[in-house]
Amino acid sequence: MPEMDRSTAEGFIAALPHARALGLRVEAIGQGRATLSMGWDARLVGDPRTGVIHGGAVSALMDTCGGTAVYSLPEAEGTATIDLRIDYMRPATPGQRITATADCYHITRAVVFVRAVATDEDSSRPVATATGAFTIDRKGEP
Amino acid sequence: MTGRNPPGPGRVPPEPVQAVKQRRDAVLAALVGGVPYIRFLGIVFDRRGDELTAVLPYSDHLLGNPDLPALHGGVTAAFLEVTAIIELSWALLWDEMESGRLDAARLDPENLPRLPKTIDFSVDYLRSGLPRDAYARARITRTGRRYASVRAEAWQDNRRRPFAQASGHFLMPSREGDGGTTA
Numbered sequence: 444m445p446e447m448d449r450s451t452a453e454g455f456i457a458a459l460p461h462a463r464a465l466g467l468r469v470e471a472i473g474q475g476r477a478t479l480s481m482g483w484d485a486r487l488v489g490d491p492r493t494g495v496i497h498g499g500a501v502s503a504l505m506d507t508c509g510g511t512a513v514y515s516l517p518e519a520e521g522t523a524t525i526d527l528r529i530d531y532m533r534p535a536t537p538g539q540r541i542t543a544t545a546d547c548y549h550i551t552r553a554v555v556f557v558r559a560v561a562t563d564e565d566s567s568r569p570v571a572t573a574t575g576a577f578t579i580d581r582k583g584e585p
Numbered sequence: 042m043t044g045r046n047p048p049g050p051g052r053v054p055p056e057p058v059q060a061v062k063q064r065r066d067a068v069l070a071a072l073v074g075g076v077p078y079i080r081f082l083g084i085v086f087d088r089r090g091d092e093l094t095a096v097l098p099y100s101d102h103l104l105g106n107p108d109l110p111a112l113h114g115g116v117t118a119a120f121l122e123v124t125a126i127i128e129l130s131w132a133l134l135w136d137e138m139e140s141g142r143l144d145a146a147r148l149d150p151e152n153l154p155r156l157p158k159t160i161d162f163s164v165d166y167l168r169s170g171l172p173r174d175a176y177a178r179a180r181i182t183r184t185g186r187r188y189a190s191v192r193a194e195a196w197q198d199n200r201r202r203p204f205a206q207a208s209g210h211f212l213m214p215s216r217e218g219d220g221g222t223t224a
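Quick note, the sequences are listed as chains A and B, same order. Residues in the first sequence are numbered consecutively from 444, following this note's numbering. Residues in the second sequence are numbered consecutively from 42, following this note's numbering.
See the structure below:
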């Protein structure tokens with residue numbers, strides 16, 4: 444089965460109203476791997492004194508990134524998050540774009556285990572990491 | 042029978058209920074209104090005494106999958122995280138607020154006390170979020186000088202059928218002369 448291409452991933456993201464509201468952008472897509480980014484936006488700030496983006500917006504980026512990674516699997520037709528845990532390592536630098544990459548590191552018949560890392564423009568120090576379990580609806584199955 | 046002796050001279054009369062409500066509502070409004078992301082999601086807080094209920098009024102931009110349709114999982118996570126942080130911040134400010142040491146009239150986003158920071162947050166999705174209003178409450182299960190543990194639960198039409206639950210750990214703001222901690 445062909446690998447998911449970027450325009451399919453962009454279509455997937457564009458179909459999610461909340462991903463549009465966050466201004467999410469597809470940076471890279473492969474089988475079971477997705478990189479999405481979210482630009483700094485004054486509406487997403489959690490601490491008005493520093494301009495740091497709210498952890499909830501980072502969670503939304505991580506969740507979307509994990510779901511997109513699952514959806515990029517050739518056999519996937521749909522997915523939903525079962526659980527997601529986020530560790531916040533440091534505040535993202537205000538004004539900088541946050542980029543998250545999610546990997547499907549283990550795939551079973553019904554569940555995909557995903558890991559994700561988010562950084563700002565300093566890609567050597569993670570802003571947050573996430574681990575989650577996602578459902579997978581397989582093509583041709585009810 | 043709950044009768045007491047009539048108040049003697051020098052006894053302080055109870056604070057008028059309107060003053061108490063105004064002070065609490067002003068502090069809560071400053072806490073919530075100062076955060077742009079809370080406004081972006083449209084979350085408001087309903088207060089009964091010290092009990093807070095977060096309300097997320099439905100809006101189209103909160104949807105993940107528009108075909109089902111279902112709330113975006115990230116929105117649900119963010120809603121629970123906002124509920125947990127506000128609950129914890131509210132509890133932190135309560136004593137200062139009630140004693141009058143915290144001047145509600147001077148509270149604005151630039152003059153709020155420092156708030157807790159999320160260390161980690163874990164969300165279980167129990168069922169899909171419907172395109173309706175959602176509600177959430179948080180409960181502080183453990184609080185100390187430096188760390189706190191908080192649980193939160195969100196529901197829609199039926200209080201007994203939550204659609205998501207979460208638990209998280211938070212770093213408490215460092216106090217003056219505390220040596221300081223940073224996350």
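Backbone N, C-alpha and C define an ideal beta-carbon position, used for all residues, glycine too. Keep in mind it's a predicted model, so treat the numbers as computed, not measured.
Cutoff 8 Å: residue i Cβ touching any chain A Cβ
| i | result |
| --- | --- |
| residue 104 of chain B | yes |
| residue 220 of chain B | Low local confidence applies: a pLDDT of 43 at residue 220 of chain B is under 50, so the model's placement there is unreliable, with the coordinate-based value given in what follows. No, its Cβ sits nowhere closer than 8 Å to a Cβ of chain A. |
| residue 76 of chain B | yes |
| residue 162 of chain B | yes |
| residue 214 of chain B | no |
| residue 204 of chain B | no |
| residue 159 of chain B | yes |
| residue 96 of chain B | no |
| residue 107 of chain B | yes |
C-beta neighbour in chain B for residue i, strict 8 Å
| i | result |
| --- | --- |
| residue 598 of chain A | Chain A is shown from 444 up to 585; residue 598 of chain A falls before or after that span and cannot be answered. |
| residue 527 of chain A | yes |
| residue 451 of chain A | no |
| residue 464 of chain A | yes |
| residue 519 of chain A | no |
| residue 444 of chain A | Its pLDDT being 45, under 50, residue 444 of chain A is placed unreliably in this model, and the coordinates cannot settle the point. |
| residue 458 of chain A | yes |
Terminal residues of the beta strand (DSSP E) in which residue i lies
| i | result |
| --- | --- |
| residue 582 of chain A | From DSSP, residue 582 of chain A is part of no beta strand (DSSP E); its letter is neither H nor E. |
| residue 178 of chain B | 175–184 |
| residue 192 of chain B | 188–196 |
| residue 210 of chain B | 205–212 |
| residue 87 of chain B | 85–89 |
Unbroken alpha helix (DSSP H) run spanning residue i, endpoints
| i | result |
| --- | --- |
| residue 81 of chain B | 77–82 |
| residue 32 of chain B | What the structure shows of chain B is the stretch from 42 to 224, and residue 32 of chain B is not part of that stretch, so it cannot be assessed. |
| residue 129 of chain B | 114–140 |
| residue 97 of chain B | No alpha helix (DSSP H) contains residue 97 of chain B, which is instead part of the beta strand (DSSP E) from 92–97. |
| residue 463 of chain A | 460–465 |
| residue 561 of chain A | Here residue 561 of chain A belongs to no alpha helix (DSSP H); instead the beta strand (DSSP E) covers 554–562. |
| residue 449 of chain A | 449–457 |
At 4 residues or longer, and completely inside the segment 479–552 of chain A: list those alpha helix (DSSP H) runs for me, N to C. If we require 4 residues or more, the alpha helix (DSSP H) runs fully inside the segment 479–552 of chain A come out as 498–514.
Below 8 Å between beta carbons is the criterion; list the residues of the segment 475–507 of chain A that meet it against any residue of chain B, in chain order. Taking 8 Å as the cut-off between beta carbons, the residues of the segment 475–507 of chain A near chain B are 485, 486, 487, 488, 489, 490, 491, 492, 496, 497, 498, 499, 500, 502, 503, 504, 505, 506, 507, in sequence order.
Using 8 Å as the cut-off, can you tell me whether the segment 54–74 of chain B makes contact with the segment 143–155 of chain B, which would need three or more C-beta pairs spanning the two stretches below that distance? They touch, by the three-pair rule.
Quick test of the definition: if touching needs 3 or more C-beta pairs under 8 Å, does the segment 469–477 of chain A touch the segment 521–535 of chain A? Contact between the segment 469–477 of chain A and the segment 521–535 of chain A is not established, with fewer than three Cβ pairs separated by less than 8 Å.
Chain-ordered residues of the segment 521–549 of chain A with a beta carbon less than 9 Å from chain B: Cβ contacts with chain B come from 521, 523, 524, 525, 526, 527, 528, 529, 530, 531, 532, 533, 534.
Could you name each continuous beta strand (DSSP E) segment of 3 residues or more that falls completely within the segment 143–176 of chain B, going from the start of the chain to the end? Restricted to the segment 143–176 of chain B, the beta strand (DSSP E) segments that are unbroken, complete and at least 3 residues in length are 158–166, listed in chain order.
The segment 552–565 of chain A contacting the segment 126–145 of chain B, beta-carbon criterion three pairs below 8 Å: No, because fewer than three Cβ pairs between the segment 552–565 of chain A and the segment 126–145 of chain B fall closer than 8 Å, the two stretches do not touch.
Using a Cβ cut-off of 9 Å, which residues of the segment 122–137 of chain B contact any Cβ in chain A, in chain order? For the segment 122–137 of chain B, the set of residues with a beta-carbon nearer than 9 Å to any beta-carbon of chain A comprises 122, 123, 126, in chain order.
With three or more C-beta pairs closer than 8 Å as the rule, is the segment 184–201 of chain B touching the segment 540–550 of chain A? No, because fewer than three Cβ pairs between the segment 540–550 of chain A and the segment 184–201 of chain B fall closer than 8 Å, the two stretches do not touch.
Three or more C-beta pairs under 8 Å: does that hold for the segment 561–575 of chain A against the segment 56–63 of chain B? Not touching, per the Cβ criterion.
Three CB pairs or more closer than 8 Å across the segment 158–168 of chain B and the segment 189–206 of chain B: Touching, per the Cβ criterion.
Quick one, which residues of the segment 165–194 of chain B are near chain A if we go by CB-CB under 9 Å, in chain order? Flagged, chain order: 165, 166, 169.
If you measure beta-carbon to beta-carbon, which residues of the segment 58–73 of chain B are closer than 7 Å to chain A? Taking 7 Å as the cut-off between beta carbons, none of the residues of the segment 58–73 of chain B comes near chain A.
Using a beta-carbon distance cut-off of less than 8 Å, what residues from the segment 81–93 of chain B approach chain A? Only those residues of the segment 81–93 of chain B whose C-beta falls short of 8 Å from the nearest C-beta of chain A are listed: 81, 82.
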